[in-house]
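Data first, discussion second: the structure below is written as structure tokens.
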Amino acid sequence: MAEIGLAEVYHRYIACLNGQDWPSLAQFVDDDVKYNGQRIGLSGYRRMLERDFREIPDLHFRIALLVTEPPLVASRLQFDCTPEGMFLGLPVHGKRVSFSENVFYEFQAGKIVQVWSVIDKAAIEAQL
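Taking the numbering used here, the leading residue of the sequence shown gets 959, the next gets one more, and so forth.
Shown next, in the form of structure tokens:
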């Protein structure tokens, strides 16, 4: 997949997430996707995202940095949101927090097959 094509696919994927267009998720995520080394499959990935949006109603994915080197994508996502209860084991309870997520994706045949994600929990802790 060409580098510019992969960036376009990733931007459409993020738009899919922000629009909570769950039926379209299969266009971007493989049926056997792995998340941080664990096979969760497309259905598990979707459940994870749906849960995130339930727990954080104002969740919005903003790309702060994007690097593509097919078949890999590296992205720094920025969040400014208000989780309703506990978040990452922290008592956020509706307080607005800003944090980033560093995430790497591996694509095969135009779909995400692996995701490695690290959320900056320390940034959230510093705001509480």
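Just so you know, even glycine gets a beta-carbon here, dropped at the ideal spot from N, CA and C.
Everything numeric in this text was worked out from a predicted model, so none of it was measured.
Worksheet item: Who are the near neighbours of residue 1058 in its chain, counting only those whose CB is closer than 6 Å to its CB and skipping five residues on each side?
Response: 1034, 1036, 1078
Worksheet item: Buried or exposed: residue 1023, going by 16 or more other Cβ atoms within 10 Å of its Cβ?
Response: exposed
Fill in: Beta-carbon proximity of residue 966 to residue 1013, cut-off 7 Å
no
Worksheet entry | Closest residue to residue 1045 among 1020, 1010, 1068, 995 (Cα-Cα distance) | 1010
Discussion item. Rounded to the nearest angstrom, what separates residue 1086 and residue 1039 at their Cα positions?
Written reply: 13 Å
Fill in: Uninterrupted alpha helix (DSSP H) stretches inside the segment 982-1031 (no shorter than 4 residues)
999-1013
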